[in-house]
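The sequence shown begins at 1 in the UniProt record's numbering and counts up by one.
All C-beta atoms in this analysis are idealised placements derived from N, C-alpha and C, irrespective of residue type, glycine included.
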Amino acid sequence: MPAFNVYRNLNKPGYASVQQSGKVIDYAQELLLKDCGFHVSEKRRLKVISEKRKNVHAWIKGKQFEKGTFDVTNFEELLYDPYRTKHFIVVSTGKEIMKAAQVVYKDNKCYALGISYEK
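So, in structure tokens, the structure goes:
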């Protein structure tokens, strides 16, 4: 089964778009991804900065996806801001995150569990 790419929806505030095989298949205000990697297109990130206009250039890729309500008590908050960081980072450490066992998108933020800082 092809992986799922999840990114913040630019036209529906508070929602994430779920893409599979190049097509958006769902939208969610809260979701869980499993076995995740983090991707940022540097070329498109630089375009955002130069044009000061948002575009989809960063996403989280996961092998499983489910919608629901999720408790993020033991999860670490993540941050990606093209003007401040080149990568997704863990807020508490400031380190670039490479992989995570689970990622929850909730309240327009991302939270990770089972974090790996190495490829």
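Cβ-Cβ separation, residue j to residue i (assumed contact under 8 Å), whole Å
i	j	result
Gly22	Lys61	With a Cβ gap of about 13 Å, Gly22 and Lys61 do not count as contacting.
Lys54	Leu10	5 Å
Unbroken beta strand (DSSP E) run spanning residue i, endpoints
i	result
Leu46	Element bounds for Leu46: not the beta strand (DSSP E) but the alpha helix (DSSP H), Glu42 to Glu51.
Phe70	Taken as a continuous stretch (DSSP letters only), Phe70 belongs to no beta strand (DSSP E), as it is neither H nor E.
Phe4	Phe4 to Arg8
Val56	Here Val56 belongs to no beta strand (DSSP E), and DSSP marks it neither H nor E.
Val24	Lys23 to Ala28
Where residue i falls: helix, strand or coil (DSSP)
i	result
Ser17	strand
Asp107	coil
His39	strand
Asp81	coil
Lys99	strand
Glu118	coil
Val91	coil
Lys34	strand
CA-to-CA distance, residue j to residue i, given in whole angstroms
i	j	result
Asp81	Phe4	21 Å
Ile115	Leu31	18 Å
Val104	Leu33	6 Å
Glu118	Asp35	14 Å
Phe88	Gln19	19 Å
Val72	Tyr111	7 Å
Met98	Val40	11 Å
Trp59	Thr69	21 Å
Leu113	Gln102	5 Å
Asn90	Arg84	It should be noted that the sequence gives Val, not Asn, for residue 90. So the alpha carbons of these two residues sit roughly 13 Å apart.
- Taking three-plus beta-carbon pairs below 8 Å as touching, is the stretch 41 to 50 in contact with the stretch 64 to 80? Verdict: no, contact absent.
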